[in-house]
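Numbering of the sequence shown is given in my numbering, commencing with residue 4 and proceeding in unit increments. From the three backbone atoms N, C-alpha and C, an ideal C-beta is built for every residue, glycine too. These notes are about the structure you will find just below.
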Amino acid sequence: MHLLKIDESGALYDSDEAVDLGQPGGDIVVLTSADTEVALLAAAVKSCHQAGQRLDVRIANYLSLTHPYSVDLYIQNTIAAARLVVVRLLGGIAYWSYGTQQLRALAETGTTEIIFLSGDGKPDPELDYLSSASAADCAALSSYLDAGGSDNAVAFLQALQDRLDDTQTAPPPQPLLRAGIYWPDLPVPDLDNLAVHWQEDAPVVALIFYRALVQAGDLAPIDQMIKSCRAQGLNPLPLFGASLKEAETAAIIADLLVRAGVSVILNATSFAVSDPATAGDADVSMRSVGPFGAVDAPVLQIVLASNRQTDWEQSSAGLTARDLAMNVALPELDGRVLTRAIGFKRPLVKDPLTHAMTTGFDPLPERADYVACLAAAWARLRVTPPAAKKVGLILANYPNRDGRIANGVGLDTPQSVFEALNLLAAEGYELGELPNSSADLIGALRAGPTNAGWQDRKSTVFLSLSDYQTAFAALPDTLRGDITMRWGEADADPMFDGNDFRLPILTYGNVAVGVQPARGYNIDPKATYHAPDLVPPHNYLAFYFWLRQRWQSDAVVHFGKHGNLEWLPGKALALSSTCYPEAILGSMPHFYPFIVNDPGEGAQAKRRTSAVILDHLTPPMTQADSHGPMAEIESQMDEYYEAAGMDRARSETLLTDILATAERAGIAEDCGIAPHDDAAEKLLKLDNFLCDLKELQIRDGLHVFGISPTGQLANDLLTQILRTPRGDGDGCNASLLRALADDLGVDDNGFDPLTCERAEIWTGSRPRQLVTLSSDVWRSAGDTVERLDLLAGQLVAGQISPPGSSSRLIIEQCLPSLRDNLLACGRMESAALLRGLAGRFIPAGASGAPTRGRPEVLPTGRNFFSIDSRALPTPVAWRLGWASAEALLQRYLLDHGNWPKSMVLSAWGTSNMRTGGDDLAQALALMGVQPQWDRNSRRVTGFDVIPADVLGRPRVDVSLRCSGFFRDAFPAQMSLIDRAVQAIAKLDEPEEINPLAAAARREQAQLQSRGYEGAAAQRSSTMRIFSAKPGAYGAGLQTLIDEGIWDKRADFAEAFLIWSSYAYGDQLDGIDARDQLEARLAGADAVLHNQDNREHDILDSDDYYQFAGGLSAAVAHLSGRDVPVYHNDHSLPERPVIRTLAEEISRVVRGRASNPKWIAGAMRHGYRGAFEMAATVDYLFAFAATTHQVAEHHFTALFEAYIEDDQVREFLE
């Protein structure tokens, strides 16, 4: 692909604005990424001057020079006069690509010597190649800074001066201790003299931090953390190290951890010890977590933030994008638990000799105190015997009805909690008399207070008003004021009976089982549905106050995706005491059984509530097969094709019957049969529709935490996993269907069982192994795929031997370990719960959809991690996004006869984490923009605009409605999209090629005519990224549906607009931009949403109708037009399929929701299965209300399946 020149491209950088450091020129310039190194070298220059050696040195942190113009200014004003420039790059060229390019260009002029050094002490041949000096000279200079310390810093500067003077006065580097113990005022601390400062028999908590802080004397946050730990009755063991990836450092720290008997680790270092390429390997014994692996202790991550405290206080994000990557996302690879930021950068101070802006960290004692409380709670878990330990098990209730208690995506939550209770009892926990079944457990909960009320119900757990008021008084003033302003006094709460709060909790010995309180929208829905940042009501606080203070729970377990605690108002990261998740949960250790294929929403809990994820398996998966009228039509079609050409009268009769059946059942409408279609076209559409439904992947029941699927359930799931290519897609990673096609010779004519057109007449070979599998007619490519699926199932079940080498490779090399890992899931999930509650370390694991080529997520029972956001969109995601964008545009062109000008995309954080950024890639591709990647790290560094003549079609004006988690997790990606939009808007291209630029020009002119300044008008005209209000989450439609407080579709539009009208991007941190959002939606030609796997569907969750439905309603309301809603299927990355929302709803209703196979699986789970059926109907109704894309016959199909079927109706009753 041909790309434009650099001036028509964009770089991804941290700074929104260019800065001028104002440094005059000097002989030597040293650039580094570490403020501690800036301070160390500035002090070394001062020492040299005091010794009479007057060095002319300038020092700066290149991270303040991330904007290209900042680099240009610095080169012009400072470096241009230098004779020698040294750049110590951490992470390689990708972290400062523009600056590296410009300095390399300067070096080629021969006027200035440029030396690049590795910032992590490891050889970097690429940096050596870019340097003016030899690799040996680079290594010699690096050795001074790698060794560290003030004497080596002075010698480093002398070595630089030697290069200019052609002398050799610098002494060799002096080796210093790579790691060791630190203690304030102890010159040479060791474990023996440290014991003098420790409390007898108190838990030992390690505090690990960078050696550079010791060398720079920048230890105030560390000293504060020591003080806070001691105040909590802990014995702190402060350990410094050069790098945890360095063998010597790791060995020293590991030895000290073991010798001291550490119970908890507080870690303040960045990045990950694990290799990102192998982190989360299914064989956890093969993984290395560096020194952390020496002790079986939880690792709590603390942050020394790169922003100032005032910036943190005012920010809804909490941390910068750089800190998000270095101190949050990457440490999750090690299984670390994010806590809080305990230190922030102090204001810069200018050094008079070097003109360097030096800084350091100031502690925030109150945040250190919180971390110490959390560490103490984890330490108590470790030493408290099971019989004395108290635990709270919390069940979600969303939506807030009694029929939805124990919500959990893909999880039989009641049975899972029942199994957990018995597991804890067997482990020695005191539980008293347990319920006899999960049905009894749910019955007991529903008989007591719930979110539906407490009147006429048996209450067993109360919190008195005085106890509540005591706890409430301890909250920050701002929270008390906000809660009281919104909800009034505590005694006005609907769960208050005049004396006490009635709490939805049951106690079994030392274990409490509770129903999580409602967020509050159910109390006064008409007054609150428009408040995205609604504060929780008094009864919500009372529930957790009881757990924390009256019950004194040692830990809390929220069972199943997902509750509402992690979505309460507050910062996205590095929470403060005024953030509701912290104020409510406090410092209780928190565990969260969570479905393994949802890394985004799991990450929300990890990052906002310090949750340890205990990931669980997806439900068993199977294929839909044919049923009901679809099976009848399929049989009729087989007869028809047999009769065609042989018995004309019979074939005509059959054709009439086929079309009549299809018409009667609504299938003709669902598959797009038009009145003008001829018979062949009608049959082709029916055939494609039926083949697609038969192959549809659906759930066969639910998962039970701690229990692995066995028998046919296991075999079906394994078959679905092996059906999709994995890894590189070759050898044992190939699709089992493709391997079978290769072995049997049915792929000779380019047939691909994953991507073929199912309705095409089969003209290929018919090997005996496939012929004997089924007596059904074999006439189409879809029939061939069906036979291959049957054969694959028999192979996985061990009923037959592989027919050839390709399938044998998979069955012999891949299947055994995959089966072992699947069977290990239940055991490891149970073990993880017990280990967590024992205060032990939970190993990290990969996340994702196992049936979308991610078998490495098995076995479950691990603390899953997500993805390094700096790599999004990945090259793989780009290829899929490009293919999906092209297929989407062709579908739109086919449907409407012209190109779309404007589209709006619903983008979720969790799906982009799973896929590596499919949505991002699709949006860029639609605009005609390609990401730039660093060739070594594969991180995204910017973008290139694809020339119009190369693109070969018009650009699309794309707007994004991002979820709240997407906003929090991907600030750099929002910046990338925003910069791409601005670049496209500046292109001089005609409107028919670039509608975005034309729309931006028109809007800018309109705004200027209304008095806007030019820059403000231009910025407003390019706003294309919208999300919820800062600190808030959601799309705002759920309350309207649940409480029935809507009259017309426009009500949904208004709610959606209220919750979505905040603009993000460069220098945009959630400003109110309703006018801009309305303008984008009014001009939209289509609404888009992508689905990346089939382990769930659009009738499983309210999120689908809230986002796609909300957008559809808003566009219709603002434009007066019903625009198409496209629901794009990315479940097979090689073959994205574009469907309308109506088509997708039909597939789900017929393939899953009305399917006796799915219904039977749900019925195995009793109450929870009935819950699933009721939820399906609710979500179908919600789609009908918001999009008008549901046909009457879809409700009829569910009525017939659920109500007219006597067995199912009796089950539901």
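What does the Cβ neighbour count give for residue i, buried or exposed, with the cut at 16 atoms within 10 Å?
{"i": "K125", "result": "exposed"}
{"i": "M488", "result": "exposed"}
{"i": "D952", "result": "exposed"}
{"i": "A530", "result": "exposed"}
{"i": "M649", "result": "exposed"}
{"i": "E1147", "result": "buried"}
{"i": "I803", "result": "exposed"}
{"i": "P862", "result": "buried"}
{"i": "H561", "result": "buried"}
{"i": "S469", "result": "exposed"}
{"i": "G829", "result": "buried"}
{"i": "Q472", "result": "exposed"}
{"i": "A1200", "result": "buried"}
{"i": "T1042", "result": "buried"}
{"i": "E832", "result": "buried"}
{"i": "T1190", "result": "buried"}
Taking residue i as the reference, give the member of the options with the closest Cα.
{"i": "G406", "options": "E645, T621, T453 and P539", "result": "T453"}
{"i": "P1139", "options": "N1158, I1101 and R882", "result": "R882"}
{"i": "P1033", "options": "E1016, S1064, A1053 and R1052", "result": "S1064"}
{"i": "A1020", "options": "V1126, A1076 and Q976", "result": "A1076"}
{"i": "M906", "options": "R822, V1126 and V90", "result": "V1126"}
{"i": "A46", "options": "A1089, T727 and P355", "result": "P355"}
{"i": "Q935", "options": "A928, L929 and G945", "result": "G945"}
{"i": "H52", "options": "G94, A97, G1039 and Q161", "result": "Q161"}
{"i": "Q607", "options": "Q1192, A1119 and F969", "result": "F969"}
{"i": "N425", "options": "P903, G709, T1025 and A910", "result": "G709"}
{"i": "A54", "options": "C735, A158, A83 and S783", "result": "A158"}
Helix, strand or coil: which one does DSSP assign to residue i?
{"i": "D10", "result": "Any reading at D10 needs caution, since the residue's pLDDT is 32, under 50, leaving its predicted position unreliable; the model's value is listed next. Correct three-state label for D10: helix."}
{"i": "R91", "result": "strand"}
{"i": "P507", "result": "coil"}
{"i": "W549", "result": "helix"}
{"i": "V74", "result": "helix"}
{"i": "W457", "result": "coil"}
{"i": "C965", "result": "strand"}
{"i": "K1", "result": "The first residue shown for the chain is 4 and the last is 1216, placing residue 1 beyond what the model contains."}
{"i": "F973", "result": "coil"}
{"i": "W936", "result": "strand"}
{"i": "V302", "result": "strand"}
{"i": "N1093", "result": "strand"}
{"i": "K529", "result": "helix"}
{"i": "A1111", "result": "helix"}
{"i": "H1130", "result": "strand"}
{"i": "M916", "result": "helix"}
{"i": "G296", "result": "helix"}
{"i": "G25", "result": "coil"}
Going by beta carbon distance, what residues of the same chain come within less than 6 Å of residue i, once the five residues before and after it are set aside?
{"i": "H1196", "result": "G669"}
{"i": "L6", "result": "Residue placement at L6 is poorly supported in this model, since its pLDDT is 32, which falls under 50; the coordinates still yield a value, given next. Once the five neighbours on either side are set aside, the close Cβ partners of L6 are D947."}
Below 7 Å CB to CB, which residues in the same chain sit around residue i once its five sequence neighbours on both sides are set aside?
{"i": "G236", "result": "Q202, A205 and A379"}
{"i": "A1117", "result": "A1056, F1059, L1060 and L1084"}
{"i": "S654", "result": "Y643, A646 and A647"}
Here's a check: name, in chain order, each residue in its chain whose Cβ is nearer than 8 Å to the Cβ of residue i, leaving out the five neighbours to either side.
{"i": "Q639", "result": "L657, D660, I661 and T664"}
> Which ranges does the beta strand (DSSP E) cover as unbroken runs of at least 3 residues, wholly within the stretch 602-675, from first to last along the chain?
Replying inline: Those beta strand (DSSP E) runs which fall completely within the stretch 602-675 and span 3+ residues are 614-619 and 624-626.
>> Could you tell me which whole alpha helix (DSSP H) segments of length 4 or greater appear in the stretch 385-466?
In response: You should have 416-429 and 441-450.
>> My parser needs the beta strand (DSSP E) runs of 3 or more residues fully inside the stretch 218-284; what are they?
In response: Along the length of the stretch 218-284, whole beta strand (DSSP E) runs at least 3 residues long occupy 238-244 and 265-270, reported in chain order.
> Taking the runs of the alpha helix (DSSP H) that are 4 residues or longer, which of them lie wholly in the stretch 1155-1195?
Replying inline: Within the stretch 1155-1195, the complete alpha helix (DSSP H) runs of at least 4 residues fall at 1159-1166 and 1170-1190.
>> Extract the residue ranges of the alpha helix (DSSP H) inside the stretch 703-751, only unbroken runs of 4 or more that lie entirely within it.
In response: Runs of the alpha helix (DSSP H) lying entirely within the stretch 703-751, each at least 4 residues long, are 714-726 and 739-747 in chain order.
>> So within the stretch 172-226, which uninterrupted beta strand (DSSP E) runs reach at least 3 residues, ignoring any that extend past its ends?
In response: At a cut-off of 3 residues, the continuous stretches assigned as beta strand (DSSP E) that sit fully inside the stretch 172-226 are 182-184 and 207-213.
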